[in-house]
Structures are given as C-alpha cells and as structure tokens.
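Be aware that the sequence shown starts at 202, since it is given in this note's numbering, and climbs by one per residue.
Working notes, beginning with the structure itself.
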Amino acid sequence: MKKLFIEEIVSKVGDEVQVCGWVNTIRDHKKVVFVDLRDRSGIVQIVGESSLSSLAPEDVVCITGVVKERPAHMINEKVKTGKIEIECAEYKVLSKAQTLPFDFGKEELDVTLPVLLDYRALTLRHPKVRSIFLVQEAVMAGFRKAAQELGCVEVFVPTISFSSTEGGAEVFNVDYYDYKAFLIQSPQLYKQIMVPVFERVYLISHAYRAEPSMTTRHLSEATQLDCEFGFIEFDELLDALEEVGKKTLEHVSKMHPEIFEQFNVVPPKLSAKVPRLTLREAQEIIFKRTGRDNRHEPDLEPEDEKEISIWALETHASDLVTITHFPTEKRAFYSKPNPKDPTYSLSYDLLFRGIEILSGSQRIDDYQELVDILKKKGMNPDDFHMYLQAFKYGMPPHGGFSFGLERITMKLLNLSNVREASLFPRDMERVDVHLPTFNHGHSRKEKK
Ligand code: AMO
C-alpha cells in the first residue's frame, strides 16, 4: 500500500491508508490505546488495541488502518487532523527509540537551554522547535527573492581565505597550509571582487567569529545573507537594504502566520518608509528619552538599540529603523569615509526589534586609497593580494550589506537567545557538545 502523508488523509474518511512517522505521545487506557503519530505534514491520532501500548515516544512506525470521523466530543479544532483518527489494523516498528531523557509530548518543550542544545538531534524534532527552522527557511527564501528582484546574481564563495576581513583578533586560523589562512569573518572581500563580474550579486555564506565572550546574540559560526551592488550611491543603498529587509520579513509573515500564533508573537510591523537616523541623531533621541548620555560613543550600546527601536515603533509604527554614519575609525577598513565629513563613514546598520540585524556601507573603490588605509590600520596590503587585484583593473563605485540569518529568526519569534535560532550553534563552549563537559575524553590537538 502506498504511504500517504498525514495531511493527505483528512479527505480519506472511510478509506484504508498507510502512514509512517514518529510516535509523538501515547495514552494507554488499557483496553484502548491512543497514539499521536507525527510526520513532516502533521500529527494524527491512532486508536488501537492494547498491543499498541508496547510503543514508546519517538519509535518510528508505519500504521495501516481505516480513517474514521472522531466522535463529536473528541474533536480537536486546533489541528487540521482534529476531526479524524485512524483505527489501527496493523503496525510495523521500523526503529525503536530508547527512553527519552525528558517529556517530549507537550506543546512547549520545557527544558533549559543547555539541555535543549545537548540533545539537539532530538529536540530539533519537537514541533515547536522545528517551526523555528521553517521560519528560517522562509527568511532565506524571502531574501533570495528580494535580491533577485533587484537583479542580483547568486554566487558561491569560499570560507577559507588568505586575508582576514573585518580586522580585529576574532578570527579562526586554518592550521593546514604552510602559510597563514583563515576562516572568513564575512564573505565581504569575495562579494566585492564579484562586482566587476556581475555588477550586482548576492550570496548566502557562513561567517566565523572567534567571539571572545558569551552573549545572547553572538555565535562563533553565523549565516550571513549579503548583497553587493555596483554603480550605486549611498541613498540608493539605503533604499535597497530597506526594500530587501521589508520584503524578506513580509515573505515570512505571508508564509507562516500559524507559526507566529504558535509562538504568540505578532508579525513584524513595517511602515511604508523605514525611519532613518544618523548615529548622532539616534543618540540625541536616546539622551532626550532616557537621560542616558552616549552622544559621543562610536556605536549604539545594546540598550540604545532597544530604546531607538521602541522610538521607531512608537513614532513610525515600524519594527525596523536604519542608523547611518558611524565613525570611520570604528568601521571595517573598506567603509568609505563621508566626503563631506570624513570622520564619519557612509555606513549603516538596520535594527529590528531592538537588535542590529544588518550592517554595510558604501565601499572605498580606489586602489591606492585602500592600500593606504590598510597600512594605516596596521594591516599588510600583501595579505589582500586577490582583493586588491580587483581594484587595479577597473572597480566601479559600489556598496552593499549583510543580514544575520539567526538574528532575524530570533527576533521574528521573540526567542531569548540566538542559539535557539541556529540548528547547531557554535560558541566558545560548544561545538555540538558542551566542550568543558566533554574535554576529558575528547582528544584535543596538541598546541604547537
Ligand atoms: P557585520 O560584522 O556587522 O558586517 O555582520 C553582518 C550581520 O551579521 C550578523 N552577525 C552575527 N550574528 C550572530 N553572531 C555573530 N557573531 C555575528 N556577527 C555578525 C549580524 C550583523 O548585522 N562585511 C560586513 C557587512 C557588509 O559591510 O556588507 C559584516 O560582516 O546580523
């Protein structure tokens, strides 16, 4: 008999069907046993005799039986399959599960963050955890669509690099070659090199940051969604990033209203025009609203990001706000200083519900200016050989931006930690396993 997905059997009342999946919960009433069976499309109630009671949560089973309408008092309006059940005639266990370390059958998975991550191979299956990654998929799809509509070509760039991109010490060394190599901190250099090839590109890449601290919004491996445009000026860049940001979020709202309900969150509020402020204007507003005087700081503090997002929501009904013109000194070397006031750069961040989800800039496009700035920042231009080559042979004015996939997902669903929005989060203490716990038995490479 052909296996059907659970969502397909809703219209099959009276038919004999076969469905396969995982035992979600089991309720043993001795003479009659109820099993909730879960597959990729939904959950259905199976009713059977006592032999079903040997099943356990997460067993993989195929069940054959007739689809019946449930008695009126048993109807569950909350789920698509709530009006039917399958009367089990026969079942086959394909894989037996060990006893689960915690209760898995409730709508909320009631475990701590370390447990959520220690048992990731299991917890990812929980319907509510799984929903996070359906939202994430929709973020990706929305971004792709928006970038393509702007004429960007998708490119695929390496993550092993000769140069470190964002400067600073937060870089993973690759210990393989006879010379220094790094995991990219961002696909920045490669996307710029691709501008003279396609003029407009987008890419989805992993980025590695040897973050020196543990916060709720930093991962050591994150996913970046990047765009880069040739022949573009600052205001057009702002228009482009806001358009891509809005379309991406709109796509998720359209695709998954049921997941917003499941998480008890409202879809993002997007105004026709995203409010824009310079960093100094934002700090002035924050000072007026809170008395917190960060007006000379080079960046927004986390509580400033929260405050200015509240301001954007209150005054512009917008969950997005764009902050521009950060001090040149504090931005990555490739950011173009504002010709009208070179202390500040033609750079921007996009904040969403109190957190930076994007940053970018107009870029320096002159070869000599780049060489000079690299030297000024104490970097060796020879380490940027391939990157600089692109600037020797005709580089148009250009700029771009990068969204953080996990941060967008986190804020869309109001998760309290970015680790929940990463399938397999990496941080100082975790690469799949919690390293301090596992170090005893795990061979560690000898340090040279
Ligand atoms: P930036 O370093 O701001 O800019 O990164 C861009 C976006 O990526 C996300 N992000 C992170 N998410 C989780 N953990 C991290 N450690 C982490 N680091 C970054 C954030 C951030 O806004 N090359 C530039 C972009 C550009 O100029 O085009 C860059 O990487 O959402």
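Built from N, CA and C at the ideal position, the CB exists for glycine as well.
Predicted, not measured: the structure shown is a model, and the values here were computed from it.
Of the heavy atoms belonging to the ligand AMO, at least one sits nearer than 7 Å to the Cβ of F604. Under the three-state reduction of DSSP, L636 is assigned to helix. DSSP, read as helix, strand or coil, puts G605 in strand.
Measuring C-alpha to C-alpha distances from S242 to each of V211, L256, S414, D229 identifies V211 as the nearest.
In chain order, I361, A382, F383, L384 place their CB closer than 7 Å to the CB of V375, counting only its own chain and leaving out the 5 sequence neighbours on each side. Under DSSP, the beta-bridge partners assigned to N374 are F383.
Straight-line measurement puts the Cα of V218 at about 8 Å from the Cα of K203.
Counting only residues of its own chain and dropping the five nearest sequence neighbours on each side, K447 has a CB closer than 6 Å to the CB of L471. Counting only runs that start and end inside the region 241-314, the beta strand (DSSP E) elements of at least 3 residues fall at 243-249, 261-270, 285-296. Annotation: the region 465-500 contains the following complete segments of the alpha helix (DSSP H) (minimum length 4 residues), in chain order: 480-491. In this structure, I574 lies away from F604, with their beta-carbon atoms at least 8 Å apart. Going by DSSP, D427 is part of the beta strand (DSSP E) stretching over 422-431. Under the three-pair Cβ rule at 8 Å, the region 586-599 does not count as touching the region 412-425. DSSP places R331 outside any beta strand (DSSP E); the residue lies instead in the alpha helix (DSSP H), whose first and last residues are 328-350. Per DSSP, the continuous beta strand (DSSP E) segment holding I556 begins and ends at 556-563. Distances between the C-beta of E444 and the heavy atoms of the ligand AMO are all 7 Å or more. Separation of L547 and G555 (C-alpha to C-alpha, rounded to the nearest whole angstrom) is 22 Å.
If you draw a straight line from the Cα of P540 to the Cα of I565, it is about 11 Å long.
In this structure, S519 sits away from P458, with a CB-CB distance that is not shorter than 8 Å. For G595, the CB contacts under 8 Å within the same chain, skipping 5 residues up- and downstream, are P397 in chain order. Here C289 has I247, V248, G249, L253, I264, G266 as same chain residues with Cβ atoms under 7 Å from its own Cβ, once five neighbours each way along the sequence are excluded. Residue environment: K232 is assigned as exposed (fewer than 16 neighbouring CB atoms within 10 Å of its CB, all protein chains considered).
Of the heavy atoms belonging to the ligand AMO, none sits nearer than 7 Å to the Cβ of G215. In its chain, beyond the 5 residues on either side, T610 have a beta carbon closer than 6 Å to the beta carbon of Q337. In this chain, L589 is not harboured by any beta strand (DSSP E); it is covered by the alpha helix (DSSP H) spanning 586-593.
Here the distance from the Cβ of R410 to the nearest heavy atom of the ligand AMO is below 7 Å. L571: member of the alpha helix (DSSP H) spanning 568-577, first to last residue.
The three-state reading of DSSP puts A441 in helix, counting H, G and I together. Partner residues in the beta bridge of T525, as assigned by DSSP, are T479, Y549.
Secondary structure of V356 (DSSP, three-state): coil. Two segments are said to touch when three or more pairs of C-beta atoms, one from each, lie closer than 8 Å; by this definition the region 618-631 touches the region 408-418.
Note that the region 322-338 touches the region 297-311; at least 3 beta-carbon pairs, one per stretch, sit closer than 8 Å. Between M456 and I405, the beta carbon gap of about 18 Å keeps them out of contact (Cβ cut-off 8 Å). Assigned with DSSP and collapsed to three states, G446 falls in helix. Residue state for F235 is assigned as strand, using DSSP reduced to three classes.
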